[in-house]
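Colleague: In this note's numbering, the protein residues as written are 7 to 238.
1) Does DSSP put residue 187 in a helix, a strand or coil?
2) 8 Å is my cut-off, CB to CB: does residue 93 come that close to chain D?
3) Which word fits residue 20, buried or exposed, when buried means at least 16 other C-beta atoms lie within 10 angstroms of its C-beta?
4) Inspect the beta-carbon positions of residue 99 and residue 82 and report whether they are closer than 8 Å.
5) Distance, Cα to Cα, residue 53 vs residue 163?
6) Is the beta carbon of residue 124 sitting closer than 8 Å to the one on residue 45?
7) Mark residue 32 as exposed unless 16 or more other C-beta atoms lie within 10 angstroms of its C-beta, in which case mark it buried.
8) Between which two residues does the alpha helix (DSSP H) holding residue 130 run?
9) Let me know if residue 132 comes out buried or exposed under the rule of 16 or more other beta-carbons within 10 Å of its beta-carbon.
10) With burial defined as no fewer than 16 other Cβ atoms inside 10 Å of the residue's Cβ, what is the status of residue 155: buried or exposed?
11) Let me confirm a value: residue 198 is counted as buried when at least 16 other C-beta atoms fall within 10 Å, else exposed. Which label applies?
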């Protein structure tokens with residue numbers, strides 16, 4: 007009986023400790039990521055201002071072109087023609103996975119035709135937006151040439167950003183471990199090993215060469231890629 011009570015108490019204490027640590031990690035990881043985003047925004051603004059001074063109006067043009075291309079493509083992908091073609095392709099792929107050898111050849115022919123149909127539709131939409139895409143590519147080349155020109159102090163912008171990231175991580179992780187030590191002491195846990203307030207592999211920082219207007223939006227610190235490979 008006493009053993010059962012002690013086990014319940016121990017389990018409750020462990021659960022309470024783990025809950026506090028989880029909340030602490032959530033708090034500090036959110037704050038670190040927020041500060042990193044702020045540092046990115048600062049770098050974007052600095053580079054954006056310099057580029058705009060050398061090629062006025064091009065930022066707005068690039069942003070508008072990207073929005074127009076995206077709108078046209080999304081409208082096309084949502085047409086009944088494209089949706090039906092994709093549904094047919096997905097259905098045939100499922101059939102291929104579950105069919106016997108006797109029926110496979112005929113399904114493979116249908117699947118090949120369905121793939122050709124999707125490819126044709128993708129070519130159609132790409133041709134439709136080609137004038138806009140060509141203009142966008144030309145503007146991007148102009149911006150890239152500006153970014154590597156002596157007039158643009160990109161290396162310093164990048165160096166300042168890296169220094170700021172080092173500071174944010176050092177301060178955030180240090181403060182987190184100070185709080186963690188307090189919680190460990192409260193629960194009588196003798197563990198001096200430092201921890202990170204986030205999964206080590208989850209902090210994937212992309213240092214973009216251009217402001218968000220050019221690259222199409224800041225990438226998430228924790229990256230998830232769910233692109234549709236059939237929309238080329």
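Built from N, CA and C at the ideal position, the CB exists for glycine as well.
Modeller: So, from the listed chains and residues:
1) Translated into positions along the chain shown, residue 187 becomes position 181. If DSSP states are grouped into helix, strand and coil, residue 187 belongs with the helices.
2) Any reference to chain D falls outside this structure, which holds one protein chain only.
3) Locating residue 20 in the chain shown gives position 14, where the first residue counts as 1. Label assigned to residue 20: exposed.
4) To locate residue 99, count along the chain shown from 1; it is residue 93. To locate residue 82, count along the chain shown from 1; it is residue 76. No; because the gap between Cβ atoms is not below 8 Å, this pair is not in contact.
5) If you number the chain shown from 1, residue 53 lands on position 47. If you number the chain shown from 1, residue 163 lands on position 157. Just so you know, the alpha carbons of residue 53 and residue 163 end up roughly 7 Å apart.
6) Residue numbering aside, residue 124 sits at position 118 when the chain shown is read from its first letter. Residue numbering aside, residue 45 sits at position 39 when the chain shown is read from its first letter. Result no, Cβ atoms of residue 124 and residue 45 do not sit closer than 8 Å.
7) Taking the first residue of the chain shown as 1, we reach residue 32 at position 26. The residue in question, residue 32, is exposed, as its Cβ has fewer than 16 Cβ neighbours within 10 Å.
8) Here residue 130 is taken as the residue at index 124 of the chain shown, counted from 1. Run containing residue 130: 107 to 134, per the alpha helix (DSSP H) assignment.
9) Counting from 1 along the chain shown, the entry for residue 132 is found at position 126. If you draw a 10 Å sphere on the C-beta of residue 132, you find fewer than 16 other C-beta atoms in it, and that means exposed.
10) Taking the chain shown and counting its residues from 1, one reaches residue 155 at position 149. Under this definition residue 155 is an exposed residue.
11) Residue mapping note: residue 198 aligns to position 192 of the chain shown, counting from 1. The residue in question, residue 198, is exposed, as its Cβ has fewer than 16 Cβ neighbours within 10 Å.
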